[in-house]
Structures are given as structure tokens and as C-alpha cells.
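**Student:** Residue numbers (the working numbering): -15 to 103. Each residue gets a CB set at the ideal place from its N, CA and C atoms; glycine is no exception. Following this message is one structure expressed as C-alpha cells.
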Amino acid sequence: MTGFENLEVWKKSIILVKEVYILVKFFPKEENYALSDQVRRCAVSVPSNIAEGSGRNSPKEFVQFLYIALGSINELETQLIIAKEIGYLKDIEEIRNKILEIKKMLNSLITSIKRKNGN
């Protein structure tokens, strides 16, 4: 097992991806290549950037990729709010709680890496 697979935030973001894929199945068919596609891409971006950053040569680069993951999860949350507002989803509280947990974990990991490296 490589480093990123040991990160709890990566594991939780993989679970989130699976849940997002299930959620977008409830979107109307006309959204298959629009909002639902964008939602899936944002969800996949989170663990992908964690993994890519962990394989970089420096802690600074890892932090940059963690910030990208943080941006993606914020974008995902916004898109889910939009989906709820336009009637595609009824309740997003549970998934938003999971998103919040991942955001906190990303911020903690960023802070930890910066502290260890004197930034």
C-alpha cells in the first residue's frame, strides 16, 4: 500500500465519491452530461489530488494539491446545494456533514504539513 492509501482523509473522500455517484443517479436524464457530470468530476478530484500531491517531491507541492482538493470539495458542496435548490435532491444534510468532515481533515493535514516544515 502506498502513502496516500493510508491517509484517512483519502479513504473518506473515496467513500464520498461512491455516495455522490449514487446521488446523481436521481438527477434527470437531461443532466447526464451537465450538472451530474460536473458533480462527479468534483467528487473524483478530491481523492485524486490528495493522491497526486502525496506523490510529489516536496511537502510544499503536497500542500498545493491539498488546496486543490479543498477547492474541489467546496465546488462539490455548492453544486449539491444547487441540485437541491432546483429540485434534483431533497435532503443533502448527511452528505454535507461528510463534506464538512473532509474539509476539516484537509485543513488539519495542511496545517500539520506546514508546521512540520516551518511554514
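(1) I97 lies in the alpha helix (DSSP H); which residues open and close that run?
(2) Alpha carbons only, please: which of I66, F49, I86 and N58 is nearest the one belonging to V(-7)?
(3) Just tell me which of P31, E(-11) and F10 has its CA closest to the CA of G55.
(4) If we ignore side chains and look at the alpha-carbon of each, how far apart do N101 and Y51 end up?
(5) Would you mind sorting F46 into buried or exposed? The rule is 16 or more other CB atoms within 10 Å of its CB.
(6) What is the DSSP secondary structure of P12, counted as helix, strand or coil?
**Tutor:** So, from the listed chains and residues:
(1) Element bounds for I97: E77 to K100.
(2) Ranking the options by Cα distance to V(-7), first place goes to I86.
(3) Of the candidates P31, E(-11) and F10, the one whose C-alpha sits nearest the C-alpha of G55 is P31.
(4) In this structure, the straight-line span from the alpha carbon of N101 to that of Y51 is close to 16 Å.
(5) Classification of F46: buried, given that the 10 Å Cβ count is 16 or more.
(6) Collapsing the DSSP output to three states places P12 in coil.
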